[in-house]
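Note sheet for the following structure.
Numbering (our numbering), first residue to last: 659 to 1143.
So, in structure tokens, the structure goes:
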């Protein structure tokens, strides 16, 4: 019987040290962002912090991409904020559990394979819209506040942007939070809004329980749209992040396992009263860049986060909101795809239209999932329109003048085959016509119907049509759908 293969961090002290340090760095970086995303969603900081803990711990076991970090995220926070505002925390918890169950079902249905059909322009639009919405959410913390909030926010941004030139040992957002907290406490700036003003921080472990909502169809009607959005947005961001890590580490990951793993993590998080989440691009990059490659770093990020919050809860409550606003403005700037904006004048108009449409729909609906869905539809329509014009038809008479041969080139499908009928000279052609499909491909029943229509038009003039040269797939389509068969 073969001996079980032990994880590398159990057999290599160097790997273990790297994983532990990476997990600690990520845990420290998660604190300000988890609190910020809680406020973004309209819930107490404890909810986001517990979500980060349960998501990271669970996904370290169930996930398909080692070293990837999952926690409360801005994408999910933006999706659920209207639900919290209208119905409260308990309905959010119910939506998170339902969203996790949907993710498990989607994983079983092979949703991971469908991700490759999302165009890059839609992905860019998704990321840019997310960045804009995160920035917009900070404006409320900069209106009707003491004037000292503005220089503190600017100082926080300066620390985050400039500190990496000196050192990257400690995450710059954490230094900014610590520095601004020290300034407000040291100078006794009591009128500056703090995290403690937003809600009570936890001083104990999260507890298991069911959401306190009526188990009725009306409740399902309320939470279903948000659960669907949680499921799709979470899977989209998680699978995109997994692909980035695959490329960085030159290793493959199990996307189907990652999909249902995210679902299980959201279900667990919901039962512990969390706001749900998905993979975090920024923290994952931090983890991987720190040298982490195994599940241990993900597990420790969640475990150490809880220890830090429970032990240092009083200190966290004194963090000024200006520090978190600075962190979130930085996250917004780091999230946006600046390359897509620089290359806007040189990009094809169709791709620009898809990206802009995705951004506009997201901003109008405040729903990332709807924006992605509309973006995909627009991309498909524009692609079909573009491909519809690549079918070419050329003809020539045989030397005896008794037969005209039409050579069709390109992909024949519902969009391109509509114009095919108009490219034949039904009245002027001789008694025999040959349609050569050697360089064409028949994709659907619409194309077969177009070829049948051509045949009928010639038949009404007592002319014979011969279709030749079709490949095996096209021949099968013709045999199945042609009324001439």
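Idealized CB from N, CA, C, for every residue including glycine.
Every value quoted in this text rests on a predicted model; they were computed, and no experiment measured them.
| task | Please name the residue or residues paired with residue 1099 in a DSSP beta bridge. | result | Residue pairing from DSSP places residue 1099 in a beta bridge opposite 1069.
| request: Check the DSSP bridge columns for residue 1094 and list the partner residues they point to. | output: DSSP, once it has assigned bridges, lists 1065, 1126 as partnering residue 1094.
| query | Using the C-alpha atoms, what's the distance from residue 882 back to residue 1091? | reply | Roughly 57 Å separates the two Cα atoms.
| said: With a threshold of 7 Å on Cβ separation, who are the neighbours of residue 1082 within its own chain once the five nearest residues in sequence on each side are excluded? | reply: Once the five neighbours on either side are set aside, the close Cβ partners of residue 1082 are 1064, 1112.
| query | Terminal residues of the continuous beta strand (DSSP E) containing residue 1052? | reply | Residue 1052: member of the beta strand (DSSP E) spanning 1050–1055, first to last residue.
| field | Proximity below 9 Å, CB of residue 860 to CB of residue 684 | value | The answer is no: Cβ separation not under 9 Å.
| By Cβ distance, which residues of its chain are closer than 6 Å to residue 1127, with the 5 residues on each side in sequence left out? | Same-chain partners within the cutoff: 1094, 1095, 1096.
| task | Report back the beta-carbon spacing between residue 687 and residue 831 to the nearest angstrom; my notes put them in contact at under 8 Å. | result | Rounded to whole angstroms, the Cβ separation of residue 687 and residue 831 is 6 Å, and the two are in contact under 8 Å.
| query | What alpha helix (DSSP H) runs, 4 residues minimum, are completely inside the region 795–875? | reply | 807–820, 830–844, all fully within the region 795–875.
| task | Please report how far the alpha carbon of residue 1037 lies from the alpha carbon of residue 1057, in whole angstroms. | result | The alpha-carbon atoms of residue 1037 and residue 1057 are separated by roughly 46 Å.
| task | Would you grab the beta carbon distance between residue 759 and residue 921 for me? Rounded to a whole angstrom, and I think it's under 8 Å. | result | Yes, they are in contact, since the Cβ atoms of residue 759 and residue 921 sit about 7 Å apart, within 8 Å.
| message | Using 8 Å for Cβ pairs, my map puts residue 710 next to residue 730. What's the rounded Cβ distance? | response | The Cβ separation is near 5 Å, so the contact holds.
| CB of residue 982 within 9 Å of CB of residue 799, strictly | Taking 9 Å as the Cβ cut-off, residue 982 and residue 799 qualify as a contacting pair.
| According to DSSP, residues forming a beta bridge with residue 978 | According to DSSP, which records beta bridges pairwise, residue 978 is partnered with 852.
| query | CB-CB under 7 Å to residue 880, same chain, minus the five flanking residues each way: which ones, in chain order? | reply | Apart from sequence neighbours up to five positions away, the residues of its chain that approach residue 880 with a beta-carbon distance below 7 Å are 745, 749, ordered along the chain.
| residue 1131: which of 1121, 1122, 1105 sits nearest, CA to CA? | Selected option, being the one with the closest Cα: 1105.
| request: Go through its chain and collect everything with a Cβ distance to residue 751's Cβ below 7 Å, but skip five positions before and after it. | output: Hits under 7 Å: 869, 928, 931.
| query | For residue 873, is the classification buried or exposed, using 16 other Cβ atoms within 10 angstroms of its Cβ as the cut-off for buried? | reply | Taking all protein chains shown into account, residue 873 has fewer than 16 neighbouring C-beta atoms within 10 Å of its C-beta and is therefore exposed.
| query | Grouping DSSP H, G and I as helix and E and B as strand, with all else coil, what is residue 1074? | reply | Coil, per DSSP.
| query | For residue 777 versus residue 1033, is the C-beta spacing smaller than 9 Å? | reply | Taking 9 Å as the Cβ cut-off, residue 777 and residue 1033 qualify as a contacting pair.
| For the alpha helix (DSSP H) that residue 696 lies in, which residues bound it at each end? | DSSP places residue 696 inside the alpha helix (DSSP H), whose first and last residues are 671–699.
| field | Buried or exposed by the 16-neighbour rule on C-beta atoms within 10 Å, applied to residue 846 | value | By the neighbour-count rule (16 or more Cβ atoms within 10 Å), residue 846 is not buried but exposed.
| Do residue 728 and residue 713 have their CB atoms nearer than 9 Å? | Between residue 728 and residue 713, the CB-CB gap stays under 9 Å.
| field | Stretch pair the region 837–846 + the region 1005–1025: three plus CB contacts closer than 8 Å | value | At 8 Å Cβ cutoff, the stretches do not touch.
| task | Could you check which residue in 842, 1044, 1088, 774 has the C-alpha nearest to that of residue 1071? | result | Nearest of 842, 1044, 1088, 774 to residue 1071, Cα basis: 1044.
| Between residue 699 and residue 742, what straight-line distance do the alpha-carbon atoms span, to the nearest angstrom? | Here the alpha carbons of residue 742 and residue 699 stand approximately 7 Å from one another.
| field | Other residues of its chain near residue 1139: CB distance less than 8 Å, five sequence neighbours each side excluded | value | So the qualifying residues of the chain are 1103, 1106, 1107.
| message | Three or more C-beta pairs under 8 Å: does that hold for the region 779–797 against the region 946–956? | response | Touching, no, given that fewer than three Cβ pairs across the two stretches are closer than 8 Å.
| Which residues DSSP lists as bridging residue 936, in chain order | When DSSP reads this structure, residue 936 sits in a beta bridge with 729.
| To the nearest angstrom, how far is it from the Cα of residue 756 to the Cα of residue 925? | Between the C-alpha atoms of residue 756 and residue 925 there is a straight-line separation of about 7 Å.
| Is the region 715–728 close to the region 905–923, with three or more CB pairs under 8 Å? | Contact between the region 715–728 and the region 905–923 is present, because at least three Cβ pairs lie under 8 Å.
| request: Name the residue from 704, 679, 1133 whose alpha carbon lies nearest to the alpha carbon of residue 862. | output: If we check each option's Cα against that of residue 862, 704 comes out closest.
| task | Take residue 682 as the anchor and find which of 1001, 808, 829 has the nearest alpha-carbon. | result | Comparing Cα positions, the closest option is 829.
| request: Can you tell me which of 1022, 1118, 961, 1049 puts its alpha carbon nearest to the alpha carbon of residue 716? | output: Nearest to residue 716 by C-alpha distance, out of 1022, 1118, 961, 1049, is 961.
| said: Let's see if you can read the secondary structure: which residues bound the alpha helix (DSSP H) around residue 708? | reply: Per DSSP, residue 708 belongs to the alpha helix (DSSP H) from 703–720.
| request: Determine the closest residue to residue 1098 out of 848, 1048, 1116, 1119, with distance taken between C-alpha atoms. | output: Looking at the Cα atoms, 1048 is the closest of the given residues.
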